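Notes follow once the structure below has been shown.
There are 2 protein chains.
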Amino acid sequence: MRLQRIIIYRASKMDMLWIIGLGIYGVRGLSLHSLDVLRRCDIVYVERYTSSITDDELHDLDRLIGKEEGKTNTIVVQRWFLEDGRQILEKARSMEIALIAYGDPLIATTHTDLLVRAVKKSIKANVIHGVSGISSLVGETGLHMYKFGRTVTITSEPQSAVTVYGTIYDNLILGNHTMVLTEYKDGSEEVFFLDPKIALSSLLELERDQKSGACHEETFAVIVSRIGLKDEKKISGKIKSLISQDFGEGPHTIIVTGLFHFAEIDALKALTTNIDEPTDNTSHVHNKSANMIERYVPKARTELSKARSALENEPTSTERGRLTEIFNNAENYIEDAVRFLRTGKLELAVLSIGYAEGLIDAARTGE
Amino acid sequence: MRLQRIIIYRASKMDMLWIIGLGIYGVRGLSLHSLDVLRRCDIVYVERYTSSITDDELHDLDRLIGKEEGKTNTIVVQRWFLEDGRQILEKARSMEIALIAYGDPLIATTHTDLLVRAVKKSIKANVIHGVSGISSLVGETGLHMYKFGRTVTITSEPQSAVTVYGTIYDNLILGNHTMVLTEYKDGSEEVFFLDPKIALSSLLELERDQKSGACHEETFAVIVSRIGLKDEKKISGKIKSLISQDFGEGPHTIIVTGLFHFAEIDALKALTTNIDEPTDNTSHVHNKSANMIERYVPKARTELSKARSALENEPTSTERGRLTEIFNNAENYIEDAVRFLRTGKLELAVLSIGYAEGLIDAARTGE
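Here's what the structure looks like:
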């Protein structure tokens with residue numbers, strides 16, 4: 012059996028709100044069926060907040076969708092207009108209108124909210140997805156999409172790096188890559204983007220404080236800049252090397268890699284400007300439980316050995332026997348902790364080392 | 012400052028391998044610049060393994076890119092042809108050729124491998140990304156992209172569900188959504204897809220065995236079927252309700268949700284066929300450490316209380332004093348464990364309860 016696509020092209024108009032993804036390549040990245048729709052629409056809103064559409068491209072758009080013949084009405088709108096949304100929804104009740112947004116439009120919550128509001132108000136609405144920047148940049152690095160953990164955004168607010176550091180940590184513990192989107196705002200005239208160097212510096216600063224190994228100078232990362240644009244750049248290397256690079260204008264994305272498939276290493280070397288050999292960042296990250304075991308096992312062994320030496324001072328052989336039994340038991344639990352750590356049963360390892368310490372300390376109480 | 016797009020259109024041909032994403036909407040989903048390139052190419056390979064391009068669409072494609080005038084040569088290829096890749100790479104040395112692949116092409120490792128091999132062999136290669144099925148279906152559910160943890164694929168092999176169950180568990184512990192792609196193969200004539208009901212059944216079976224709460228009958232999930240196709244379906248509800256639904260032909264994707272933003276609940280209700288009220292799946296999932304504490308704290312309290320009652324049988328007041336000191340200490344550690352559990356410091360909670368148990372057991376040894 013063969014499948015049939017959603018048929019979007021219709022000759023006749025109807026009242027409808029179309030949310031159309033521009034993708035990442037500008038107006039010539041629009042698809043044939045998006046153009047079919049746009050040419051029919053009474054109003055075409057173009058969202059400039061998350062996109063960076065040039066004035067030349069706007070003219071191209073007007074030409075492509077036939078404004079010159081007075082057929083359509085292209086209007087550039089700002090974020091507040093979409094967040095408010097009342098005008099656009101009202102128009103869609105009696106006209107066929109479209110909103111063009113950068114990338115895949117439903118990745119931005121503003122556009123999803125608009126769609127949900129339309130559905131709730133029984134306004135007909137339809138989405139034509141566009142090429143996603145996020146999906147594209149994962150592919151461009153050669154990293155495997157399915158190995159990414161939770162995505163996070165770093166902004167210039169001081170608290171932001173704390174969340175990002177925590178997400179990188181959580182992802183690394185599971186062997187996952189982390190995509191860190193950097194703040195980017197394209198308002199009306201002014202474009203603000205957070206320099207990856209500033210983002211990396213705040214993460215290094217947190218590392219000095221938290222010491223969990225999630226993001227330090229030896230950590231391997233990839234910086235993808237200006238995906239889909241003429242001067243797109245992909246640079247990979249250790250943070251200590253990346254921090255002296257010039258990444259130019261944004262938007263930028265930082266990827267902190269986790270466990271590699273060998274094909275990913277191969278691809279990173281071929282597809283990015285690779286400064287340092289890709290290394291496994293998970294080997295540096297300190298799992299809290301593993302850290303505990305590594306700290307407590309030698310400590311418990313020393314205490315146990317001291318306690319055993321003190322046995323000869325015990326006055327009665329009954330007491331010596333009782334204590335020896337406890338110490339042998341403690342020794343077994345210390346070895347259990349080591350074994351559980353090795354087999355990844357971290358909770359049992361922590362429980363065992365805690366128990367062993369309790370046995371030893373109780374035996375020594377009152378001495 | 013305004014940005015400039017990558018300029019892909021050139022009037023003159025050159026030797027080059029183009030990897031072009033078809034997106035999810037069939038041939039009318041091709042962009043203007045993809046068509047510019049395709050019309051120029053000497054050979055256009057169409058990949059049918061991950062896609063499901065119809066014969067009608069192939070004819071449309073031929074017409075669009077001008078085969079009728081003898082300009083191009085469209086060839087449908089199977090997976091082995093791309094995995095082998097030698098012929099396609101060899102042709103690209105002396106011709107301009109394109110490979111059209113479903114969705115965003117670099118999400119499939121076969122296409123990335125081909126690109127990497129081209130780069131290594133100094134064959135010019137370029138990618139035009141397409142609309143990604145994964146990105147689209149996330150948007151279509153109204154769930155927030157950045158809240159997804161690691162993605163996983165479920166196949167009909169028995170071992171597969173174990174990995175999937177583990178990934179859902181890991182994601183839920185962090186509050187993340189999980190995208191579970193289901194096996195889908197479109198070979199030459201035969202289309203195989205794994206029914207979501209079979210996938211859900213194997214996960215429920217694992218739950219009965221592992222009991223970690225990652226995927227049981229009350230778990231809320233979303234099934235997205237045939238994204239981008241005419242009969243696209245999105246159904247959300249508890250697994251016990253989903254398991255009696257008819258999802259029809261694939262491809263299907265299962266999303267097991269984590270912690271919701273309130274806007275996600277709103278969107279799920281508006282954008283999907285919603286059977287049950289969306290509920291928080293993370294409240295059912297049992298963290299191994301938390302489980303331990305919840306099991307061991309009452310046990311330790313009972314043992315401590317028994318040990319205290321036995322104190323009066325102690326012959327000497329020195330021994331009674333020594334033991335009382337140990338028991339008071341154990342009691343403090345039990346309360347520490349409860350407090351650490353409440354504040355999310357699970358490792359310390361496990362260490363404390365282990366220590367308390369060790370103290371109590373050592374005090375009772377030899378009695």
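If you're matching them up, the sequences are chains F and D in order.
Reminder that position 253 of the first sequence reads as 264 in the working numbering, one-by-one numbering, no gaps.
Reminder that position 358 of the second sequence reads as 369 in the working numbering, one-by-one numbering, no gaps.
For each residue, glycine too, the CB sits at the ideal point set by N, CA and C.
On a predicted model such as this, the values are computed, not experimentally measured, just so you know.
Subject >> 4 or more residues per run - each alpha helix (DSSP H) lying fully within the region 49 to 118 of chain F >> reply: You should have 66 to 76, 90 to 95, 97 to 103.
**OP:** Would you kindly check if the distance between the Cβ of residue 99 of chain F and the Cβ of residue 58 of chain F is under 8 Å?
**Re:** Remark: C-beta atoms of residue 58 of chain F and residue 99 of chain F do not approach each other more closely than 8 Å.
Subject >> Test item: CB-CB of residue 295 of chain D and residue 224 of chain D under 8 Å >> reply: yes
**OP:** Report the neighbours of residue 212 of chain D on chain F: residues whose CB is nearer than 9 Å to its CB, in chain order.
**Re:** Simply none; closest approach about 23 Å.
Original post:
With distances taken between CB atoms, is the gap from residue 258 of chain F to residue 234 of chain F smaller than 8 Å?
Top reply: yes
Subject >> DSSP three-state assignment for residue 122 of chain F, whether helix, strand or coil >> reply: helix
**OP:** Check residue 320 of chain D in the structure and name its three-state DSSP category.
**Re:** helix
Original post:
If we ignore side chains and look at the alpha-carbon of each, how far apart do residue 66 of chain F and residue 185 of chain F end up?
Top reply: If I take the Cα positions, the gap works out to 45 Å.
Subject >> Segment limits, beta strand (DSSP E) that includes residue 373 of chain F >> reply: From DSSP, residue 373 of chain F is part of no beta strand (DSSP E) but of the alpha helix (DSSP H) over 357 to 375.
Original post:
Given 8 Å as the limit, is there contact between the region 111 to 130 of chain F and the region 24 to 39 of chain F, that is, 3 or more CB pairs closer than that?
Top reply: yes
Subject >> Three-state secondary structure assigned by DSSP to residue 196 of chain D >> reply: strand
Original post:
If we cut at 8 Å on Cβ distances, does residue 189 of chain D have a partner in chain F?
Top reply: Chain F, which has no Cβ nearer than 8 Å to the Cβ of residue 189 of chain D, makes this no.
**OP:** Please classify residue 372 of chain D: is it buried, with 16 or more other beta-carbons within 10 angstroms of its beta-carbon, or exposed?
**Re:** buried
**OP:** Note down the Cα distance separating residue 323 of chain F from residue 220 of chain D, rounded to an integer number of angstroms.
**Re:** 50 Å
Subject >> Interface flag, residue 159 of chain D vs chain F, CB-CB below 8 Å >> reply: Cβ-Cβ to chain F under 8 Å: yes for residue 159 of chain D.
Subject >> Beta-carbon spacing of residue 228 of chain D, residue 208 of chain D below 8 Å >> reply: Not a contact, by the Cβ cut-off of 8 Å.
Original post:
What separation, rounded to the nearest whole angstrom, lies between the Cα atoms of residue 374 of chain F and residue 365 of chain D?
Top reply: 15 Å
Original post:
Rounded to a whole number of angstroms, what is the C-alpha to C-alpha distance between residue 139 of chain D and residue 40 of chain D?
Top reply: 13 Å
Subject >> Proximal residues to residue 165 of chain D (C-beta, below 6 Å), its chain only, five neighbours per side dropped >> reply: Result list for residue 165 of chain D: 171, 175, 191, 193, 210, in chain order.
**OP:** Tell me, please, which residues DSSP counts as bridged to residue 284 of chain D.
**Re:** D/246
Original post:
How would you write the range of the alpha helix (DSSP H) that residue 172 of chain F sits in, first residue to last?
Top reply: 171 to 184
Original post:
Taking contact to mean at least 3 C-beta pairs separated by less than 8 Å, is the region 151 to 165 of chain D in contact with the region 129 to 139 of chain D?
Top reply: no
Original post:
CB residue 179 of chain D to CB residue 145 of chain D, shorter than 8 Å?
Top reply: Taking 8 Å as the cut-off, the beta carbon of residue 179 of chain D is found no closer than this to the beta carbon of residue 145 of chain D.
Original post:
What number of angstroms, rounded off, separates the C-alpha of residue 19 of chain F from the C-alpha of residue 282 of chain D?
Top reply: Low local confidence applies: a pLDDT of 47 at residue 19 of chain F is under 50, so the model's placement there is unreliable, with the coordinate-based value given in what follows. Whole-angstrom Cα-Cα distance: 19 Å.
**OP:** For my contact list, residue 290 of chain D and residue 231 of chain D are in at a C-beta cut-off of 8 Å; report their separation, rounded to the angstrom.
**Re:** 5 Å
**OP:** With 7 Å as the C-beta to C-beta threshold (strictly closer), list the residues of the region 288 to 310 of chain F near chain D in chain order.
**Re:** 299, 300, 303
**OP:** Just the chain F side, please: which residues come within less than 7 Å of residue 247 of chain D by C-beta, in chain order?
**Re:** Within 7 Å Cβ-Cβ: nothing; residue 247 of chain D doesn't reach chain F, min ~14 Å.
Subject >> Proximity of residue 360 of chain F and residue 341 of chain F at Cβ, strictly below 8 Å >> reply: No, Cβ-Cβ distance for residue 360 of chain F and residue 341 of chain F is not below 8 Å.
**OP:** Step through the CB atoms of chain D and report whether any lies within less than 8 Å of the CB of residue 132 of chain F.
**Re:** no
**OP:** Less than 8 Å between the CB atoms is what I'm expecting for residue 329 of chain D and residue 292 of chain D, so what's the real figure, rounded?
**Re:** Not a contact, Cβ separation roughly 55 Å.
**OP:** Compute the Euclidean distance between the alpha carbons of residue 363 of chain D and residue 247 of chain D, then round it to the nearest angstrom.
**Re:** Looking at the backbone, the Cα of residue 363 of chain D and that of residue 247 of chain D are separated by about 42 Å.
Original post:
Can you name the residues of chain F whose CB is closer than 7 Å to the CB of residue 358 of chain D?
Top reply: 299, 300, 303, 361
Subject >> Cβ-based neighbour list, residue 68 of chain D, same chain, cut-off 8 Å, excluding 5 preceding and 5 following >> reply: 37, 38
Subject >> 8 Å Cβ cutoff, residue 195 of chain F in contact with chain D >> reply: no
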